[in-house]
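Following this note's numbering, the numbering of the sequence shown begins with 665 at its first residue and continues without gaps.
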Amino acid sequence: MIFWMIAALMTLVAALSVLRPFMRGKVYDEREANDIDVYRDQLEEVERERASELIGEAEAKEATLEIQRRILASANENRARDKTASGMTRLVALLAVLVVLFVSWGGYSLFGAPDRPDQPLTLRMSGPINPDDAPAMVARIEAHVRENPDDAKGWQVLGPIYLRTGRFDEAEKAFSEVIRIDGESAPLLVALAETQIMREGGRINDAAKANAQKAAELEPRMPKARFMLALADVQDGRTDEAQAKLEAIREDEPEGSEWQQAAVQALADVNARATATAGQAPVLSSEQAGTIAAMPQAEQAQAIAGMVDGLAQKLRDNPRDLQGWQRLIQAYTVLGRNAEAQQALNSGVNAFGQGSSEAANLRRFAREITAGSAVGE
């Protein structure tokens, strides 16, 4: 509807601009002016002859009346001719404009697409990207933002593309540029935090946590920011705080919504993990377990920590020990040292190679024993 209103207005303006010269009255007729000059000369000639007594008063008066009749007749003839010509000119101009209007509007109705919704750059790039078109499209947008570094829309288009294609450093720069230009907002801060988390292999580092915290301060009920903060608590071993945050999300979000279900699942995982690991010691050899059991209770925690640190040192010396890495990851997890568990997972994966079966085994093992945390994701 808006399109048709704008098109009609533009067409009306164009038509009026074309018709305006033809709608104005006749301003000056050169032929009429020439006739009047001739008759004026004749009147002056009659007056000179009368003054010179070449003709009498009666003859002069008769000649003057005849010339005046000719002037009136000429004027009437010119007006009639002008009226006919002007009417024909206006009719032709009006018909020409109407033909243009009918042809253009009719043609667009047949071959155009006035009802098709607009497709701005942001909308086109937010959907699935054709692999064949993506590189050229991204290259064009990159060239655009190089020439126009303060174009927030260009950066905002690039950010999700970089994120989906695993270019996390560039995605972080793109979202940071949008924030620089448009200022901080909860969705932008969450997108930046998500990029930083994915770049770290699922671990919520200090920068990601700070951005999620800012987003939650700007929009206290934003579920994604609150969920990130809950996972950060799980990762850092603050189970009680994580449970409280997840409970709040579950209560605040509509029943059956995506974030309500995610909170329910995460809460169940955190509770199950807390129950399963309550009072447990890290996975130790039978000899180590016997030694720990013989110690006074006050010394057991210190001994366990020492043995875990010893296992870590052993793996640094001999990193290709799959079971050793599994034991170390589980030990750190039980002790609530999730950051070290994630570091152990990364070290183990690097020791065997990113694409190896051992690395895949370690990732799967970490996901199974660290349900509800960011370790292994």
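Here a beta-carbon is modelled for each residue, glycine too, at the ideal position from N, C-alpha and C.
Can you tell me whether L975 is buried or exposed, with buried defined as 16 or more other CB within 10 angstroms of its CB?
buried
Indicate the three-state DSSP secondary structure (helix, strand or coil) for D705 in the structure shown.
helix
Leaving out five residues on either side along the sequence, give the residues of the same chain with a beta carbon under 8 Å from the beta carbon of E834.
L822, Y826
Please name the residue in A1005, E708, Q820 whose C-alpha comes closest to that of A995.
When each option's Cα is compared against that of A995, the closest is A1005.
Could you tell me the alpha carbon to alpha carbon distance between M892 and F1016, rounded to whole angstroms?
30 Å
Just curious, the alpha helix (DSSP H) that P851 is in, first and last residue?
850 to 863
Nearest-angstrom beta carbon gap, G901 and G1000 [assumed within contact, 8 Å]
3 Å
If we count Cβ pairs, one from each stretch, closer than 8 Å, do we get three or more for the region 873 to 881 versus the region 901 to 911?
no
Residues near N935 in its chain [Cβ-Cβ closer than 8 Å; skip 5 each side]
Taken in chain order, the residues that qualify are Q907.
Between which two residues does the alpha helix (DSSP H) carrying I845 extend?
Secondary structure note for I845: its alpha helix (DSSP H) is the uninterrupted segment 832 to 846.
M801 (DSSP reduced to helix, strand or coil):
It is helical.
Unbroken alpha helix (DSSP H) run spanning I993, endpoints:
986 to 998
Would you mind reading off the limits of the alpha helix (DSSP H) that contains G818?
For G818, the enclosing alpha helix (DSSP H) begins and ends at 816 to 828.
Pick helix, strand or coil for G1012, following the three-state DSSP scheme.
helix
Taking Cβ positions, are E864 and A872 nearer each other than 9 Å?
Yes, the pair counts as a contact, with Cβ atoms nearer than the cut-off.
Option in A969, E721, L707 with minimal Cα separation from T728
Relative to T728, the option among A969, E721, L707 whose CA is nearest is L707.
Candidates A874, K837, E1032, L992: which alpha carbon is nearest A969's?
L992
With DSSP run on the structure shown, which of helix, strand or coil describes Q899?
Residue state, collapsed to three classes: helix.
If I measure Cβ to Cβ from F839 and keep anything under 7 Å in the same chain, skipping five residues before and after, which residues do I get?
Once the five neighbours on either side are set aside, the close Cβ partners of F839 are G823, L852, A855, L856, T859.
Hey, E841 and V802: beta-carbon distance below 9 Å or not?
In this structure, V802 does not lie closer than 9 Å to E841 by Cβ.
Can you name the start and end residues of the alpha helix (DSSP H) that R1028 belongs to?
1021 to 1033
Measure the C-alpha to C-alpha separation of E711 and G720 and round it to an integer number of angstroms.
11 Å
Just mark N812 as buried or exposed, buried being the case when its beta carbon has 16 or more other beta carbons within 10 Å.
exposed
Run the CB neighbour count on N612, radius 10 Å, all protein chains shown included, and call it buried at 16 or more, exposed below.
There is simply no residue 612 to check, as the chain begins at 665 and stops at 1041 in what is shown.
Does the distance from the C-beta atom of A889 to that of E905 stay below 9 Å?
Not in contact: A889 and E905 (Cβ atoms no closer than 9 Å).
If we ignore side chains and look at the alpha-carbon of each, how far apart do P887 and E917 end up?
8 Å
Classify V1044: buried if its beta carbon has 16 or more other beta carbons within 10 angstroms, exposed otherwise.
The chain is shown from 665 up to 1041; residue 1044 falls before or after that span and cannot be answered.
Select from K837, F832, V898 the residue whose C-alpha is nearest the C-alpha of W819.
If we check each option's Cα against that of W819, K837 comes out closest.
Member of Q966, A967, A1003, W989 whose CA lies at the smallest distance from the CA of L1026:
W989
Could you tell me whether any Cβ in chain D is nearer than 9 Å to the Cβ of L718?
The structure shown contains no chain D; it is built from a single protein chain.
Rounded straight-line distance, which links the Cα of I845 to that of L1009:
38 Å
Rank D897, E1032, R804, R704 by C-alpha distance to the C-alpha of R733 and give the top, closest one.
R704
Where S790 falls: helix, strand or coil (DSSP)
Residue confidence for S790 is low, a pLDDT of 47 falling below 50, so the modelled location carries little weight; the figure read from the coordinates is stated next. Helix.
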